[in-house]
């Protein structure tokens, strides 16, 4: 098992197999998906963990991957008391695979840097 802990937010057509590739290569992965049944199914298939909130998924992660639908979907899983940023430890890296605007990328960079993340 690799020592870099990962979290994956969003298990759609792209996210499900992407998170699976991490697990198959021995990275510990905790997933979050809006439909908890899909997250639980992923965890059973790949011997991973699933979390009830994006915050819970991010708590121990060194790297958090996000793969959701659009700018607003990203904001909904990043911000707020149960969002990724609420659980992201200093020094962790946030990687957004979503097709989003350049404005959102700049916004997320500033939000991450504000709390010591990348």
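Residue numbers (my numbering): 4 to 121.
No residue lacks a Cβ here, since even glycine has one placed at the ideal position from N, Cα and C.
A direct Cα-to-Cα measurement between residue 64 and residue 85 gives close to 15 Å. Annotation for residue 107: 74, 77 place their beta carbon closer than 7 Å to its own, counting only its chain and skipping 5 residues before and after. Taken through DSSP and simplified to helix, strand or coil, residue 10 comes out as strand. Assignment of beta-bridge partners to residue 66 by DSSP yields 9, 96.
A distance below 8 Å separates the beta carbons of residue 87 and residue 61. Shortest Cα-Cα distance from residue 68 to any of 13, 39, 118 involves 13.
Residue state for residue 52 is assigned as strand, using DSSP reduced to three classes. Pairing residue 72 with residue 94 gives a Cβ-Cβ distance that is not under 8 Å. Cα atoms of residue 83 and residue 31: separation of roughly 25 Å, rounded to the nearest angstrom. By the 16-neighbour rule on beta-carbons within 10 angstroms, residue 80 is buried.
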